[in-house]
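Encoded as structure tokens, the structure appears first; notes follow it.
There are 2 protein chains.
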Amino acid sequence: MATTKLLERELKRGSAELLILALVEERARHGYEIAQLIDSRSDGGIRYHVASLYPTLYRLEDRGLIEGRWVEQAGVRRRRYYKLTKEGRKVLKSQRNVWESFFAALDRVARVRHA
Amino acid sequence: MATTKLLERELKRGSAELLILALVEERARHGYEIAQLIDSRSDGGIRYHVASLYPTLYRLEDRGLIEGRWVEQAGVRRRRYYKLTKEGRKVLKSQRNVWESFFAALDRVARVRHA
DNA sequence: CCGCCACATATCGTCTGACGACATATGGCG
DNA sequence: CGCCATATGTCGTCAGACGATATGTGGCGG
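Residue numbers (this note's numbering), protein chains in the order written: chain F, 1 to 115; chain A, 1001 to 1115.
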């Protein structure tokens, strides 16, 4: 259904930052790895296109929430590893709170929990 | 924090349809009433501006998910009451499922529950 | 050794929808 | 009579997802 596809697109809006921040919280990761992790951990439930992923990484770095570092290794194309900054940690915590209260509010209005 | 404000804006994307469909599921409601219900039931956690609400109502009606009817009453400005259509009921059910699995996936990737 | 695929990063143009600002109209209250 | 709550409506701006497209590398099969 087209409706569902459109909705899924909208859901990604805003969630991208949370996903990226949460994934680089564990350890430094590069873009491609992040994309794959989102795909695998969500069981394909959330797919995040590279055309959106890289620009989002740059925005997060510009805002000082993550910090990138080029890593050159023999046998592997150069990768840019991003790690969470101190400020990023604060924002991640705040975003988790925002999402959680949003879920709760959405449940109160539209009764979403327990399908 | 500007970040939070931006995030909140993005969260509304896509959720608007679910909220409206869920509210007119109970009984026919008019736009202004819907806006107030979203505000009150979410305890102000979700605010939905009229500039977005009315266009969304028109989109939903165009797609045949809700059906509007003008109601004139003495002592009250004319109101347009929207009720859920059969097709709207199907879409609402589907959207609840999409949201629920999105929540679950987001939790698996970014551990959002229990802030 | 060459083509193809997975890996890895990058950019452009299009489209959608939220929102601030503004507009219009009516009933009630002081 | 002015102001506020009610109620519907529109315009211009802005952000961000995504399809398409591009570049470059390492490994593997034929």
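All C-beta atoms, glycine included, are put in the ideal place defined by N, C-alpha and C.
What you are looking at is a predicted structure, and each value in this text was computed from that prediction instead of being measured.
Contact set between residue i and chain A, taken where Cβ atoms lie within less than 7 Å
i         : result
Gln171(F) : In the structure displayed, chain F extends from 1 to 115; residue 171(F) sits before or after that span and is not available.
Ser15(F)  : Leu1106
Ala110(F) : Leu1018, Leu1019 and Ala1022
Min CB distance residue i to chain F below 9 Å
i          : result
Asp1043(A) : yes
Ala1051(A) : no
His1057(A) : Reading off the sequence shown, one finds Leu at residue 1057(A), where the question assumed His. No, Leu1057(A) does not count as interfacial toward chain F.
Ile966(A)  : Here chain A has residues from 1001 to 1115 only, and residue 966(A) is not among them.
Glu1067(A) : no
Closer than 9 Å to chain A by CB, residue i
i         : result
Phe103(F) : yes
Glu126(F) : Lying outside 1 to 115, the shown extent of chain F, residue 126(F) is not represented and no answer is given.
Arg113(F) : yes
Met1(F)   : Any reading at Met1(F) must be qualified, since the residue scores a pLDDT of 42, below 50, and its modelled position is unreliable; no value is offered.
Rounded distance between the beta-carbons of residue j and residue i, thought under 8 Å
i          : j          : result
Tyr54(F)   : Ile66(F)   : Wrong, their Cβ atoms sit about 13 Å apart, outside the cutoff.
Arg1078(A) : Val1071(A) : 7 Å
Leu1023(A) : Arg1029(A) : 6 Å
Val117(F)  : Leu1007(A) : For residue 117(F) there is no data in the structure shown, the boundaries of chain F being 1 and 115.
Glu10(F)   : Gly1014(A) : 3 Å
Ala1016(A) : Ile46(F)   : Between Ile46(F) and Ala1016(A) the Cβ distance is about 20 Å, and since that is not below 8 Å, they are no contact.
Tyr48(F)   : Lys12(F)   : 7 Å
Leu92(F)   : Glu25(F)   : 6 Å
Gly1088(A) : Arg1080(A) : Not really, about 16 Å apart at Cβ, beyond 8 Å.
Leu18(F)   : Gln95(F)   : 5 Å
Under 8 Å by beta carbon: chain A residues contacting residue i
i        : result
Val98(F) : Thr1004, Leu1007, Glu1008 and Leu1011
Ile34(F) : Chain A residues near Ile34(F): none, gap ~10 Å exceeds 8 Å.
Ile46(F) : Phe1102, Ala1105, Leu1106 and Val1109
The segment 32-51 of chain F contacting the segment 1107-1114 of chain A, beta-carbon criterion three pairs below 8 Å:
Touching, yes.
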